[in-house]
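Each protein sequence line maps, in turn, to chains B and C. Start counting the first sequence at 1; every next residue gets the next number (UniProt numbering). Start counting the second sequence at 1; every next residue gets the next number (UniProt numbering). The C-beta atom is built at its ideal place from N, Cα and C for all residues, glycine as well. This report refers to the structure that appears directly beneath it.
There are 2 protein chains.
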Amino acid sequence: MLDAVLAELGERGYDGLTMDSVAARSGVHRATVYRRWGDVGGLLADVLDAAGDDAWQPPDTGSLEGDLAALNREIHDALTAQPPIVAALIAASFRSEQADHAQRRLWEDRYARCEVIVRRAVERAELPLGTDARRLLIAATAPVYHQLVLLRTPPGPDLPGQAARTAALAASAGAFAVPPPAGDT
Amino acid sequence: MLDAVLAELGERGYDGLTMDSVAARSGVHRATVYRRWGDVGGLLADVLDAAGDDAWQPPDTGSLEGDLAALNREIHDALTAQPPIVAALIAASFRSEQADHAQRRLWEDRYARCEVIVRRAVERAELPLGTDARRLLIAATAPVYHQLVLLRTPPGPDLPGQAARTAALAASAGAFAVPPPAGDT
């Protein structure tokens, strides 16, 4: 069933996704689809929740910059994949409240799992104790999302690595120290 | 006319925006609206192009971090304003190709105008010659867009300043040097 949603979404985007087309593709009875999922938003929320229900772990390359670069390459590849399923799910989150909530749950879970990248860097003494893991992870990944999802500039092969390097340099310079240094408002 | 589009967009969002409602609110004849703008995407593209046709200049506070923080506060305020016109225009850019192109023109123009922030910092010897202005500006602003537009986490008052400080620290550490240092892929 969820495969049918993904296939329809990849082929037609959110605007072409209907309960009827999903029912037809999956072979599940139309009435069952409506009873169980209610509307397209319900289907998308289930797809997103299922995507998060996996054993994914962030890369473990032995260095902070390496981990962040590998993570950014995964994000880059997901956002530029064909068919554009991840991009279509993000676009759908602007349309459906259920998809919005599910997309936010998925991101929250992914960022939480990624915090181990920062813990390992602290254990290796690459970073000071008390580094704000979430802020560092958002700084590292945000340029990839911003360029590919909002600015929609052509993806450069350097983007994942450059964003990782920028965040790692800033982290070494104390940008994510907790509590923030004086002068940081 | 464009005021009517903004008012409708702020009140109803993209899904509630129709040629007829804009015609009714503006007092322009329906047939004229259709002839001149074609569809809602055409209206939104005109709104976005008009928004960029102004004398806006980036903040000039005397320091790189100050300029970036002030810029981020402007972005933060625009993205969290009520009615949520900027947010609605960004959401619309996922739906309409014309709005997408116009939104990208607007961002391109704004980032180009902001490059003077980096030039001034180079002139003050805050940054080395050959700093990649665009990459620095994207790194500084991306966390604000990412958190407010995609992650939709509650905006913290520290977000604009922290993102500015992170980018300024990374810039001082050579993250945006051109050509990139060895090891940057």
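Residue-level contact to chain B via CB, residue i, 8 Å cutoff
i	result
His146 of chain C	yes
Ile117 of chain C	no
Ile75 of chain C	no
Pro128 of chain C	no
Arg12 of chain C	no
Leu169 of chain C	yes
Ala51 of chain C	no
Ala91 of chain C	yes
Gln162 of chain C	yes
Thr18 of chain C	no
Simplified DSSP state of residue i, which is helix, strand or coil
i	result
Ala55 of chain B	coil
Ala177 of chain B	strand
Thr166 of chain B	helix
Thr141 of chain C	helix
Beta carbon proximity, residue i to chain C, threshold 8 Å
i	result
residue 237 of chain B	Nothing can be reported for residue 237 of chain B, as the shown portion of chain B is limited to 1 through 185.
Arg104 of chain B	yes
Gln57 of chain B	no
Ala139 of chain B	yes
Thr61 of chain B	no
Pro143 of chain B	yes
Ala173 of chain B	yes
Trp37 of chain B	no
Proximity below 8 Å, CB of residue i to CB of residue j
i	j	result
Met19 of chain B	Asp39 of chain B	yes
Thr153 of chain B	Gln147 of chain B	yes
Ala164 of chain C	Leu44 of chain C	no
Asp49 of chain C	Ala102 of chain C	yes
Val118 of chain C	Ala133 of chain C	yes
Ala175 of chain B	Pro128 of chain B	no
Tyr166 of chain C	Ala139 of chain B	Strictly speaking, residue 166 of chain C in this sequence is Thr, with Tyr absent from that position. Their beta carbons are under 8 Å apart, which means Thr166 of chain C touches Ala139 of chain B by this criterion.
Leu2 of chain B	Gly52 of chain B	no
Leu151 of chain C	Tyr111 of chain C	no
Thr131 of chain C	Ala171 of chain C	yes
Leu71 of chain B	Cys114 of chain B	yes
Ala7 of chain C	Arg30 of chain C	no
Pro58 of chain B	Val116 of chain B	yes
residue 200 of chain C	Val5 of chain C	Since the first residue shown for chain C is 1 and the last is 185, residue 200 of chain C is missing from the structure and cannot be characterised.
Exposure of residue i, with buried meaning 16 or more beta-carbon neighbours within 10 Å
i	result
Arg124 of chain C	exposed
Trp56 of chain C	exposed
Pro179 of chain B	exposed
Arg95 of chain C	buried
Glu97 of chain B	exposed
Pro160 of chain B	buried
Gln82 of chain C	exposed
**Item:** Whole runs of the alpha helix (DSSP H) within the region 25 to 96 of chain C, excluding any shorter than 4 residues
**Value:** 30 to 37, 40 to 52, 64 to 80 and 85 to 92
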